[in-house]
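Chains as they are written, first to last, in the working numbering: chain B, 216 to 482; chain E, 216 to 482; chain L, 216 to 482.
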């Protein structure tokens, strides 16, 4: 791996407390050369799947050797394990609650270890803020070059969440769900082009996407192609089909949230 | 220019998604020495003028050579151009939608180029996130020292927004508008001292400022000079007259938003 | 002190304006080697005590030599003084309004100076944004190694807020208050174990904590030990007793805010 000492942070800790800053202080005491990038701290509280997706949309864009620290941890202080995962390009530090499920899915060579080496922890370890006392110190030492083997034994029974998959129903129909909405109210679905490549051919075929009682029949190539009040679809930067509006929130207009189902029929 | 490798970021992307973090990852892969400063990411969605003002209130305070990346981009994926602008001290990267209008107004020597050099883009370029695929890479290469000439040809027909100006009505009266409110509910108007220097002489002359049906007759030199519930004015750090309250929100109290008009009469 | 050039920032400036970014620009012009960590900018406006507590929960975790810049400053532009404080490990820059009260309480060797050396200020000094014009420049020069003695004379009559203390009422009862809530709705009280060590012995003794008409009888060691809808207590990472729920907000459920009183009775 390269010499990058970048540590990214992805949490549901919000920005109205000292939590994130304190973790960075802990890391800097261990590695004064660490450089931080906040991916997101305003994740929905306890939403492990949404957090995992947010991380997945971002982590590949970082330099080799980046340490990705991710914490959405409703089980803090319980028997849930802490893990470090290594892929060909990155290191991840997280609770073992499925937060890295998208990483497991996308990275063929992932190696996961349970963090047990208490010598790296900040003592005394609190019951409620392992971000400060366990995860940040481990990320700090990793960013400084301590080998993953130092932190604990490899495990294979790490926890995976079920990532919702679109279902192909016959030749011309798929069912899927909304995975997340973004700041602009765009609804990011779980439908990637490879599931239904015909939809993304030119010219765009006729189709009907039904969600929350609304029928969407347009696939545009920019948000600004949409007329005022029109709900349409677009192939988003996430690699997934999005349901969206031009300068308005599809999430609000359709009253749709993560988990909302849709059906798409060609022709 | 100096050796600064600072990249500032000003967007309406919010802080509940991966967008800002991902852009920083892209930049760090290009220039590991880049240092980031977030100016603001909670700009009102699609509010190009407000974003331009926020940037204008901040950019002059940075070291020479700073790259200012600004993105409020409702036209992403359409035919709107991407631009890089150079002034004597700074570089700016933005969509060509008027976001840099305050820069054009304040910097006599600005040179603007259309970004066309696709070799610097992240491929494939998405339809919806040019921040990641075009603007961040260009900012990264600029911060690393690539010359602006590399990115495209100079243009002179770049897009300018009309910045609302105060109007002098006769000898003793001006009309103006609120440009923005701040986090504390202070209303920042477009009235600068040079428009009506008499107002800012000592002792403060008698005046009446009428806004949203409220009459303001006091110009104080600190927020804490205001009595409880009193609406007053102050010469703000922005260089503009502000309408404000002591430990309360003038914006909420007056139900005033950007665009609200006021009249100020001396004597 | 060490060579750390870390500057932390704790303010009530919010994240929807240019304020924080501008202060960083000012600091970088003075010290290009400065490294920033945001502790919190979403403090409740004008809540000096809450801000002081947030800072107190974070500052000890930083490397020696860190400059902690803290600004909640409703008195900006009035006669309130600006101060720099030095402890054995840290430097603090803040308005003299009690924001550092927890530092004074915890650091036996604190030395406080009034900032009067205008040669370090950004001119002209505005009436409303001393963060940009006084505090940031002073923090920048401190981070660059300028001695605290340069900024002004030592003072001993610096302003201290009364920090609410729990009261022991007889042998088996204490009264206390909520100091703050956190992002998850946990209520952080002012009750530390040394006030009532019996409560934190094993096995946990019987007790009744009454707050907002609710009786809490459980002290758990992890949030996830709580049943759905149950309000319980925990020894938080802050070192104080917290009143909390599992994946829900105790603050919302109990309609409790900072200042809410509680009584705890053993047996």
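Ideal Cβ positions, reconstructed from N, Cα and C, are used throughout, including at glycine.
Three or more beta-carbon pairs separated by less than 8 Å are not found between the segment 382-389 of chain E and the segment 429-440 of chain E, which leaves the two stretches without contact. Residue pairing from DSSP leaves residue 340 (chain L) without any beta-bridge partner. At least one CB of chain B lies nearer than 8 Å to the CB of residue 343 (chain E). Rounded to the nearest whole angstrom, the CA to CA distance from residue 423 (chain L) to residue 390 (chain L) is 12 Å. When C-alpha distances from residue 457 (chain L) are compared across L:481, L:446 and L:403, the shortest belongs to L:403.
Leaving aside the five residues that flank residue 245 (chain L) on each side, the residues in its chain whose CB is nearer than 7 Å to its CB run, in chain order, 352, 355, 356 and 359. Residue 241 (chain L): member of the alpha helix (DSSP H) spanning 234-245, first to last residue.
The count of Cβ pairs closer than 8 Å, one atom from the segment 253-265 of chain B and one from the segment 290-305 of chain B, stays below three, leaving the stretches out of contact. For residue 221 (chain L), the three-state secondary structure derived from DSSP is strand.
Counting along the chain, residue 404 (chain E) sits inside no alpha helix (DSSP H); it lies in the beta strand (DSSP E) bounded by residues 402-404. Less than 8 Å separates the beta-carbon of residue 374 (chain E) from that of residue 312 (chain E).
Taking 4 residues as the minimum length, the alpha helix (DSSP H) runs contained wholly in the segment 294-360 of chain B are 316-321 and 351-358, in order along the chain. Exposure of residue 370 (chain L) is indicated by the presence of fewer than 16 other C-beta atoms within 10 angstroms of its C-beta. In the DSSP assignment, residue 448 (chain B) falls within the beta strand (DSSP E) that extends over 447-450. A Cβ of chain E is located within less than 8 Å of the beta carbon of residue 399 (chain B).
Following the DSSP letters along the chain, one finds residue 271 (chain L) inside the alpha helix (DSSP H) bounded by residues 263-273. At a beta-carbon threshold of 8 Å, none of the residues of chain L lie near residue 337 (chain E); the nearest stands roughly 25 Å away.
According to DSSP, residue pairing for residue 431 (chain L) in a beta bridge involves L:424. The C-beta of residue 228 (chain B) comes closer than 8 Å to at least one C-beta of chain L. Here residue 466 (chain B) is buried, its C-beta having at least 16 other C-beta atoms within 10 Å. Counting only unbroken stretches of 3 or more residues, the beta strand (DSSP E) elements lying wholly within the segment 366-409 of chain L are 388-396 and 402-404, in sequence order. Listed in chain order, the positions of the segment 440-461 of chain E with a beta carbon within less than 8 Å of a beta carbon of chain B would be empty, since no residue qualifies. Residue 418 (chain B) counts as exposed, since fewer than 16 other beta carbons sit within 10 angstroms of its beta carbon. DSSP places residue 466 (chain B) inside the alpha helix (DSSP H), whose first and last residues are 465-469.
Partner residues in a beta bridge of residue 257 (chain L), as assigned by DSSP, do not exist. The three-state secondary structure of residue 282 (chain L), taken from DSSP, is strand.
In this structure, the beta-carbon distance from residue 411 (chain E) to residue 475 (chain E) does not fall below 8 Å. Judged by DSSP in its simplified three-state form, residue 230 (chain L) adopts coil rather than helix or strand.
With a 10 Å radius around the Cβ and a threshold of 16 neighbouring Cβ atoms, residue 413 (chain L) comes out exposed. Interface criterion not met: the Cβ of residue 261 (chain B) is under 8 Å from no Cβ in chain E. Relative to residue 319 (chain E), the option among E:445, E:394 and E:305 whose CA is nearest is E:305. Contact note: residue 436 (chain E) reaches chain L through 292 and 342, using a C-beta cutoff of 7 Å and chain order. The residue from E:308, E:381 and E:339 with its alpha-carbon nearest to that of residue 478 (chain E) is E:381. Excluding its 5 nearest sequence neighbours in each direction, residue 349 (chain E) has C-beta neighbours in its own chain below 6 Å: 297 and 336, listed in chain order.
Here residue 395 (chain B) is buried: its Cβ has 16 or more other Cβ atoms, across all protein chains shown, within 10 Å.
By the Cβ-count criterion, residue 303 (chain E) is exposed, with fewer than 16 other Cβ atoms from all chains shown falling within 10 Å of its own Cβ.
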